[in-house]
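Residue numbers (my numbering), protein chains in the order written: chain A, 2 to 114; chain B, 2 to 114. Read the structure below first, then the notes.
Number of protein chains: 2
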Amino acid sequence: MNQGGIAQSSETLAPIFAALGDPTRLKLVATLCVGGAFSIAQLTANTDISRQGVTKHLQVLADAGVVRDVKLGRERLWQLEPAQLEEAKRTLEAIGKEWEAALGRLKSFAESK
Amino acid sequence: MNQGGIAQSSETLAPIFAALGDPTRLKLVATLCVGGAFSIAQLTANTDISRQGVTKHLQVLADAGVVRDVKLGRERLWQLEPAQLEEAKRTLEAIGKEWEAALGRLKSFAESK
DNA sequence: GATTAGGGCAACCTAATGGTTGCATAAGCC
DNA sequence: GGCTTATGCAACCATTAGGTTGCCCTAATC
């Protein structure tokens, strides 16, 4: 009954989705995807929470592999790491495909009756 | 500095990602995407948590619009509602595109120097 | 060298999450 | 009718998450 491919990778995929499952973090990702690397101070200026709050969110994104940091002088710059997002997207595609295929099977089954 | 389209919809998108951000729920989605409608009892048999636990997870998925229930006799059957997943997928696509475009800009800027 | 700006670390707080158990209800079946 | 099965409702519990504040450190700047 289980659907191997998707379910099997649920342990590694869930953290990625969870990382995106917060409005503040989604905004951070949206900001970062315009390119380049931004400091914590810059990113904080774009939100309405404290710097420490932003740091925590960035850490969550980093743990999920969605984002990467690089030190430059006294700054810590963050940038997007889109590979994991790509995998999440492929999973959603796979689910959609699977669902469509199932609909097709159900339809042809109904018509054969 | 903000990236309108994606950030603006972060309030509606975040719950969808959050709903997918749990291994148990991801497994439920994977099970449901093979098609048809499954009862709570059937879905519970596929996990290692209690029926009430599964019910709660299904509720979270339903609140995010990822899943839909239909009553049939004394059973409550659940099935996938892939529209929201589709929107989540489009968002990830948009982020990827945006990022690639930004990389292109950075590259051509570096080459012009 | 003193000041300022960017950031790390840790403690703390509240609310939400993931999970459980116990009991009640409703529909099928003998 | 009486048993069984599928589910709902509510209370409860432990842990995590989101956020804050306070203090310390280090790199730039004047």
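Note that beta-carbon positions come from the ideal geometry of N, C-alpha and C, so glycine has one too. All figures in this text were calculated on a predicted structure; none of them were measured in a lab.
| Asked | Found |
| --- | --- |
| CA-to-CA distance, B:L29 to A:W100, given in whole angstroms | 13 angstroms |
| Reference A:L62; option with closest CA among A:R91, A:S109, A:L27 | A:L27 |
| Interface partners of B:G66 on chain A, CB under 9 angstroms | Simply none; closest approach about 14 angstroms. |
| For B:S11, the three-state DSSP class (helix, strand or coil) | helix |
| Nearest candidate by alpha-carbon position, reference A:A38, set A:L86, A:R77, A:L104 | A:R77 |
| B:V55 in three-state terms, based on DSSP | helix |
| Chain B within 8 angstroms of A:Q4, Cβ atoms only | The predicted position of A:Q4 is uncertain, since its pLDDT is 49 and thus under 50; a value taken from the coordinates is nonetheless stated next. Answer yes: the Cβ-Cβ gap between A:Q4 and chain B drops below 8 angstroms somewhere. |
| A:R69: first and last residue of the uninterrupted beta strand (DSSP E) it sits in | 68-73 |
| Coarse secondary structure for B:E76, derived from DSSP in three states | strand |
| is_contact[B:A31, chain A] using C-beta, thresh 8 angstroms | yes |
| Members of the stretch 81-100 of chain B that neighbour chain A once the beta carbon cut-off is set at 7 angstroms | L81, P83, L86, E87, A89, K90, L93, E94, I96, G97, E99, W100 |
| Bridge-paired residues (DSSP) for A:S40 | A:L78 |
| A:D23 classed as buried or exposed, judged by whether at least 16 other C-beta atoms fall within 10 angstroms | buried |
| For B:L81, the nearest candidate out of A:I96, A:A84, A:T13 (CA to CA) | A:I96 |
| Whether A:A31 touches B:S11 by CB criterion (8 angstroms) | yes |
| Exposure of A:Q60, with buried meaning 16 or more beta-carbon neighbours within 10 Å | exposed |
| CB of B:V67 within 8 angstroms of CB of B:Q53, strictly | no |
| Short CB-CB distance (under 8 angstroms) between A:D70 and chain B | no |
| Three-state secondary structure assigned by DSSP to A:E112 | helix |
| Beta carbon proximity, A:E12 to chain B, threshold 8 angstroms | yes |
| B:R106 at chain A interface by Cβ criterion, 8 angstroms | yes |
| Cα-Cα separation between B:H58 and A:L73, rounded to whole angstroms | 43 angstroms |
| Test item: CB-CB of B:K90 and A:K90 under 8 angstroms | yes |
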